[in-house]
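Residue numbers (the working numbering), protein chains in the order written: chain U, 1 to 240; chain A, 1 to 180. Think of the CB as a built atom: it goes at the ideal place given N, C-alpha and C, for glycine as much as any other residue. Here the structure is a predicted model, which is why all the values come from computation and not from measurement. Taking it in order: structure first as structure tokens, then the write-up.
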Amino acid sequence: MTKNKQTLTITIDGKKIAVEEGITILKAAEKAGIYIPHLCAYKDLIPHGSCRVCSVRVNGRIQASCVQTVSEGMVIESDTAELLEYRRMIVDMLFVEGNHFCMFCEKSGHCELQAMAYRFGITAPQFPYLNPNRDIDLSHPDVFLDHNRCILCGRCVRTSQELDHKNVFQFVNRGHKKRLEVNAKGLAETDLNVTDSVVNACPVGALMKKRVGYEVPIGNRPFDHASIGSEIEKTEGERK
Amino acid sequence: MKPRIATCSLAGCFGCHMSILDIDERILKLAELVDFDRSPINDFKHITTRCAVGIIEGGCCNEENVHVLHEFRENCDNLVSLGDCAISGGIPALRNNIPLEECLETAYLNNPGIYNPSGIVPNDEEIPMILKKVYPCHEVVKIDYYIPGCPPPADAIWDVLTALLEGRAPVIAYDSLKYD
């Protein structure tokens, strides 16, 4: 594992970039100042590949860029009308599948799903709302879990295991019945602590700290003026 | 003749209409550009003639909302869903995963503070029938353009309206595209 890493050359949207072997397309793009939209990929967690927002065409085939590692001479397309349309559809589906009430959500302005929709310029979803019946777990004194807003990205499952070395969250069932569960009757009975990294891992407002909602005034929130990914795109050139 | 604009609030709170007024002094320019047809501003009960733009606030929670929405669709060249309730059902749609009977019982019968000695859920024929769930407007008729927000920023309303009146494709700037 300690042998010297080789440098490979790949092409993303016509731009040739030198990358070290073993890293994912998503990370390689990020280092080159190219933002590939993504939701379930988070920090250095083992990639999940579940949201498919980061789908790109690799040598003509569609792949999730968060799990696909680079290889020599790869030709990657990301910023194409076709892929933007697919990504938009995925975000639309995430919105209609849950109960996302941005107008009173504490996460609004900080939410990555909302920010993704802003970036794509979505004004209304193209699919009918499902209005599912989902629970809210308020049992924990400092943290709550609102399943209405959960997009099943698995960031909490992986953060709890990989960073907190706990196992607070798990998925149960499959397909459209898949849902997030806590490994106890309620959050209060798990070993979840408000200082755990997992509390900040949720991209939406499903897992949130209590009593800190709406702390940042409208206009000062992260995505009020800058679109998601713009901080990566700004670094273009500097990191090369 | 000036192009005509019609507006209405279905299952909304009139917050979006307040946001229309929030275009401030631009409302004088708007009065030069258009005439208002059916709207809470003039209290016309029905659309009188063909309109260039119809603006819908709120989703459909009862039969009357559906009738009004159809009237707008039939008489407006461009129909705009204004605000989160028109686009997603919004706050009224919070009841969508609760059985209707349970909602009515909680509202009129079994809740602390309710005084209802007759024990009747209002059912007068003058009252529009409530729908089983609250629908966003585009699930009832075809909607041409959407302005999200709760309420939508006045700049977004102005930009979309002026674009439509000038025959341009409306684009909402990043800073004005908000869901809250």
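Just tell me which of the options has its CA closest to the CA of residue i.
i: Gly-180/A; options: Gln-114/U, Asn-200/U, Asp-135/U; result: The identity of residue 180/A in the sequence shown is Asp, whereas the question assumes Gly. Cα-wise, what sits closest to Asp-180/A is Gln-114/U.
i: Val-194/U; options: Asn-220/U, Pro-47/U, Asn-173/U, His-140/U; result: His-140/U
i: Glu-162/U; options: Ile-46/U, Ala-18/U, Gly-22/U; result: Ile-46/U
i: Ser-81/A; options: Glu-102/A, Pro-122/A, Ala-6/A, Asp-175/A; result: Ala-6/A
i: Lys-107/U; options: Ser-227/U, Ile-218/U, Gly-229/U; result: Ile-218/U
i: Ile-120/A; options: Pro-128/A, Ile-127/A, Tyr-108/A; result: Tyr-108/A
i: Glu-85/U; options: Phe-120/U, Arg-57/U, Asp-13/U; result: Phe-120/U
i: His-165/U; options: Ser-197/U, Asp-142/U, Ser-65/U; result: Ser-197/U
i: Asp-144/A; options: Ile-130/A, Val-171/A, Ser-118/A, His-67/A; result: Val-171/A
i: His-147/U; options: Cys-105/U, Asn-220/U, Gly-98/U, His-176/U; result: Gly-98/U
i: Cys-54/U; options: Arg-88/U, Glu-21/U, Val-75/U, Ala-184/U; result: Arg-88/U
i: Thr-80/U; options: Glu-72/U, Ile-62/U, Cys-150/U, Lys-43/U; result: Ile-62/U
i: His-176/U; options: Ala-64/U, Ser-78/U, Met-93/U, His-100/U; result: Met-93/U
Based on DSSP bridge pairs, tell me the residues matched to residue i.
i: Lys-50/U; result: Reading off the sequence, residue 50/U comes out as Ser, not Lys. According to DSSP, which records beta bridges pairwise, Ser-50/U is partnered with nothing at all.
i: Phe-36/A; result: Ile-5/A
i: Met-208/U; result: Phe-144/U
i: Ala-11/A; result: Gly-59/A
i: Asp-137/U; result: Leu-145/U
i: Arg-168/A; result: BP columns for Arg-168/A are empty, so no partner.
i: Val-80/A; result: Ile-55/A, Tyr-145/A
i: Phe-169/U; result: Val-182/U
i: Glu-21/U; result: In DSSP, Glu-21/U forms no bridge with anything.
i: Glu-64/A; result: Answer by DSSP bridge pairing: none, since Glu-64/A is not bridged.
i: Ser-55/U; result: Ala-64/U
i: Lys-234/U; result: Beta-bridge pairing links Lys-234/U to no other residue.
Going along chain U in order, which residues have a C-beta closer than 8 Å to the C-beta of residue i?
i: Glu-139/A; result: Pro-128, Tyr-129
i: Lys-133/A; result: Asn-131
i: Ser-9/A; result: What Ser-9/A touches in chain U: nothing, since even the nearest Cβ is about 16 Å away.
i: Ile-147/A; result: Thr-123
i: Pro-136/A; result: Ala-124, Tyr-129
i: Ser-81/A; result: Ala-124
Can you pull the chain A neighbours of residue i, defined as C-beta to C-beta under 7 Å?
i: His-225/U; result: Asp-175
i: Pro-132/U; result: Asn-97
i: Gln-170/U; result: Here the premise fails: no neighbours, minimum Cβ distance about 24 Å.
i: Gln-114/U; result: Tyr-179
CA-CA distance, residue i and residue j?
i: Pro-151/A; j: Ser-9/A; result: 13 Å
i: Asp-52/A; j: Asn-75/A; result: Residue identity check: residue 52/A is Ala in the sequence provided, not Asp. Distance between the alpha carbons of Ala-52/A and Asn-75/A is about 9 Å.
i: Val-204/U; j: Met-18/A; result: 29 Å
i: Ala-11/A; j: Gly-89/A; result: 8 Å
i: Val-157/U; j: Tyr-35/U; result: 25 Å
i: Gln-68/U; j: Ile-47/A; result: 57 Å
i: Leu-21/A; j: Ala-154/A; result: 8 Å
i: Gly-186/U; j: Asp-137/U; result: 7 Å
i: Arg-211/U; j: Phe-144/U; result: 10 Å
i: Asp-124/A; j: Glu-63/A; result: 14 Å
i: Gly-49/U; j: Ala-169/A; result: 36 Å
i: Pro-3/A; j: Leu-100/A; result: 41 Å
i: Phe-171/U; j: Gly-154/U; result: 8 Å
i: Phe-225/U; j: Ala-201/U; result: Per the sequence shown, the amino acid found at residue 225/U is His instead of Phe. Those two C-alpha atoms are separated by around 22 Å.
i: Ile-232/U; j: Asn-133/U; result: 37 Å
i: Ala-18/U; j: Leu-8/U; result: 6 Å
i: Ile-56/A; j: Leu-79/A; result: 7 Å
i: Val-58/U; j: Thr-24/U; result: 12 Å
i: Arg-239/U; j: Glu-181/U; result: Reliability of the predicted coordinates at Arg-239/U is poor, the pLDDT of 45 falling under 50, and the value obtained from them is presented with this limitation in mind. About 40 Å.
i: Ile-91/A; j: Gly-14/U; result: 46 Å
i: Val-70/U; j: Val-56/U; result: 13 Å
i: Glu-25/A; j: Arg-73/A; result: 29 Å
i: Tyr-148/A; j: Asn-65/A; result: Looking at the sequence provided, one finds Pro at residue 148/A rather than Tyr. Straight-line Cα distance between these residues: approximately 19 Å.
What does residue i touch in chain A if you count any residue whose Cβ is under 8 Å from its own?
i: Met-103/U; result: Asp-84, Gly-90, Ile-91, Cys-150, Tyr-179, Asp-180
i: Cys-109/U; result: The sequence shown places Gly at residue 109/U, not Cys. Per Cβ cutoff of 8 Å: Asp-180.
Just mark residue i as buried or exposed, buried being the case when its beta carbon has 16 or more other beta carbons within 10 Å.
i: Glu-30/U; result: buried
i: Ala-93/A; result: buried
i: Ala-31/A; result: exposed
i: Pro-125/U; result: buried
i: Phe-127/U; result: exposed
i: Asn-110/A; result: exposed
i: Gly-60/U; result: exposed
i: Tyr-129/U; result: buried
i: Ala-32/U; result: buried
i: Asp-191/U; result: exposed
i: Glu-112/U; result: buried
i: Gly-59/A; result: buried
i: Thr-106/A; result: exposed
i: Pro-117/A; result: exposed
i: Ala-173/A; result: exposed
Going by the C-beta, is residue i closer than 7 Å to any heavy atom of the ligand ZN?
i: Ile-228/U; result: Within the structure as shown, the ligand ZN is missing, as the structure has no ligands at all.
Which residues in chain A sit within 9 Å of residue i, going by Cβ to Cβ distance?
i: Tyr-262/U; result: Summary: the structure shown does not reach residue 262/U, with chain U confined to residues 1 through 240, and so no result is reported for it.
i: Tyr-118/U; result: Tyr-174, Leu-177, Lys-178, Tyr-179
In chain U, which residues lie with their C-beta within 9 Å of the C-beta of residue i?
i: Ile-172/A; result: Gly-121, Thr-123
Given that residue i touches chain U, what residues does it touch there, using C-beta distances under 7 Å?
i: Ile-87/A; result: Ala-124
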